[in-house]
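J.: In my numbering, the protein residues as written are 4 to 435.
We put the CB at the ideal spot given by N, CA and C, even for glycine.
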Ligand code: IMP
């Protein structure tokens, strides 16, 4: 069978379990590529008894033969990347310039971006976005601003880099002082640190666009690893409570340099329920003991910030909306096991407002909208040991089948536990 490209997209507010599916598909891939976001992502992969939490390094790093690429659309934090590379090497994982490449055109997250993220959130108080404080928004803002941006390729020219850091650093220090009354940063220390980072990372930095285009057009299998979820997309998410990049399949060409027709098959990853970290609308949120039950059973705490995640019933109107943004080919339903033990399960199928009822989600719906729920019976049996879809209790099978009916997409993968082997493959359609 000819190899195909695959794009993995989160269909909710992030944390859908993308890392696990990327990990399982990486085994058959030649390249695994990040195209959006930065160290705000947290992809957890469990191999045997070992757990790997990756923020910047693509999840394919656990397979030696896979070439992992951090694309130009990513905002790249050298401090986080180096810590992650060292951590992986310490645990015996190979990380060399043969299996990790960083686009010279990706933008560098500088210490002032993280500082600004924190200062801005503190100043906003109750109106804050609830960011991960990783400097994501300020770095993308500088990318759009151009004159105050630094790209990864610039880490290689020491004299020019030192000069640029001094100029931008002094601008940022004036800004911090006048806007927030905050002390300036030690720019000379930043110069020293970033020259050092550049030396460490130099072997892995290159222009990755043509390499990826060639790979994506050939018989190679390229896996594009989405970060965050579609509802956090800068344009199509619940603005302003979103991240600062294009996280849907539309972000792949811009964030890597491949042509749109080479994104391949698109797999939409969704939890069997819904979670969200940070502020913003969440129609099916459960601020009660059922939400607490889900948080405990699903260990719903942020991989990046450790914050408790807000939990709620599955909202298929959100999933349908997100799936249509990326034109997905199939669903992957994650964390089904977390719902085990609940007497009944509710699925939000649409909404009611003062104007009436409607089924389609759109970003303009008011925050305090009422959900229309359908109720299904739950199951009590432990499903983590199930090896096939047909081994699941009837009510668990019916829950998944109802998701397929309500969304209009087939569920090709169902996950019943964190481990690689706890994944039921129902039917994966060949790529397009
Ligand atoms: P930022 O991306 O750090 O600016 O955060 C903006 C919003 O996106 C906040 O609500 C974050 O909690 C959320 N966010 C960013 N990255 C992730 C992620 O990987 N998973 C879940 N939420 C995220």
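Whose C-beta lies closer than 8 Å to the C-beta of residue 109 among residues of the same chain, with five residues either side of it excluded?
T.: Same-chain partners within the cutoff: 73, 74, 75, 76, 77, 78, 79, 154, 155.
J.: Using the C-alpha atoms, what's the distance from residue 168 back to residue 300?
T.: Looking at the two C-alpha atoms, the distance is approximately 46 Å.
J.: Near residue 64, what residues of its chain come up, given a Cβ to Cβ distance below 6 Å and the 5 sequence neighbours on each side ignored?
T.: Counting only Cβ-Cβ distances below 6 Å, and skipping sequence neighbours, we find 71.
J.: Within 8 Å, do at least three Cβ pairs link the region 378 to 392 to the region 286 to 293?
T.: Contact between the region 286 to 293 and the region 378 to 392 is absent, because fewer than three Cβ pairs lie under 8 Å.
J.: If you measure from the CB of residue 231, is any heavy atom of ligand 1 nearer than 7 Å?
T.: Yes, Cβ of residue 231 sits closer than 7 Å to a heavy atom of ligand 1.
J.: Under a criterion of Cβ closer than 5 Å to any non-hydrogen atom of ligand 1, which residues qualify, in chain order?
T.: The filter returns 17, 18, 43, 44, 133, 134, 135, 139, 140, 231, 235, 246, 280, 281, in chain order.
J.: Which full runs of the beta strand (DSSP E) of 3+ residues lie inside the region 76 to 126, going along the chain?
T.: Counting whole runs of 3 or more residues, the region 76 to 126 contains the beta strand (DSSP E) stretches 103 to 106.
J.: Can you tell me which of 61, 35, 40 puts its alpha carbon nearest to the alpha carbon of residue 47?
T.: If we check each option's Cα against that of residue 47, 61 comes out closest.
J.: Where does residue 228 land, buried or exposed, given buried means 16+ other C-beta within 10 angstroms?
T.: Its Cβ being crowded by 16 or more others within 10 Å, residue 228 is buried.
J.: Taking all protein chains shown into account, do 16 or more other C-beta atoms lie within 10 angstroms of the C-beta of residue 102, making it buried, or fewer, making it exposed?
T.: The residue is buried, with at least 16 neighbouring Cβ atoms inside 10 Å.
J.: Apply the 10 Å Cβ neighbour rule to residue 271 and answer buried if 16 or more other Cβ atoms are within range, or exposed otherwise.
T.: Buried, since its Cβ has 16 or more Cβ neighbours within 10 Å.
J.: DSSP three-state label for residue 370, please.
T.: Residue 370: coil per DSSP, three-state reduction.
J.: If you draw a straight line from the alpha carbon of residue 334 to that of residue 116, how long is it in whole angstroms?
T.: The straight-line gap from Cα to Cα measures roughly 36 Å.
J.: Which one of 55, 6, 44, 39 has the shortest CA to CA distance from residue 32?
T.: Closest by alpha carbon: 6.
J.: Within the present structure, is the beta-carbon of residue 217 separated from the nearest heavy atom of ligand 2 by less than 7 Å?
T.: For ligand 2, the structure offers nothing, since it holds only ligand 1.
J.: Straight-line CA distance for residue 358 to residue 376?
T.: Looking at the two C-alpha atoms, the distance is approximately 18 Å.
J.: Take the Cβ of residue 312 as the centre, count every other Cβ of all protein chains shown within 10 Å, and call the residue buried at 16 or more, exposed below.
T.: Buried, because 16 or more other Cβ atoms sit within 10 Å of the Cβ of residue 312.
J.: Could you have a look at residue 4 and say whether DSSP puts it in helix, strand or coil?
T.: Bear in mind that the predicted position of residue 4 carries a pLDDT of just 46, short of 50, making it too unreliable to give a figure here.
J.: Taking the alpha carbon of residue 145 as the point to measure from, which residue in 248, 35, 297, 211 has its own alpha carbon closest?
T.: Residue 145 has its Cα closest to that of 248, out of 248, 35, 297, 211.
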